[in-house]
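Undergrad: For the record, in the sequence shown the residue sitting at position 2 is 2 according to full-length UniProt numbering, with numbers rising by one throughout.
Where is the CB? At the ideal position from N, CA and C, for every residue including glycine.
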Amino acid sequence: AAAAARDRLAELVYSEGQIVRFRCGGFDKYGRLLGEIFADPWLGQADKSANAVLVEEGHAYAYDGGTKQAFAA
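1. Return the first residue and the last residue of the beta strand (DSSP E) that Glu36 is part of.
2. Suppose you measure from the CA of Gly66 to the CA of Lys29; what does that come to, to the nearest Å?
3. To the nearest angstrom, how far is it from the Cα of Gly26 to the Cα of Leu34?
4. On the DSSP bridge list, what partners appear for Val20?
5. Can you check which of these residues, Glu57, Ala70, Lys68, is closest to Asp7 by C-alpha distance?
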């Protein structure tokens, strides 16, 4: 599951001439930087984040900092 998510993210953001933006969203309880990745444009939706695409496609789930849920993809 992790390899598939990594590969899909690479498809979304790694292409020649791609402009990638990162919007910082603060830090988690372990000090890791949180944020959203945007690549302009993909799927004809320049305002959709790579994070949202990964969640919609089942490669990830939204996490709000609470109790972690089991991931089964």
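TA: Checking against the coordinates, here is how it stands:
1. 33-40
2. 10 Å
3. 6 Å
4. Ala39
5. Glu57
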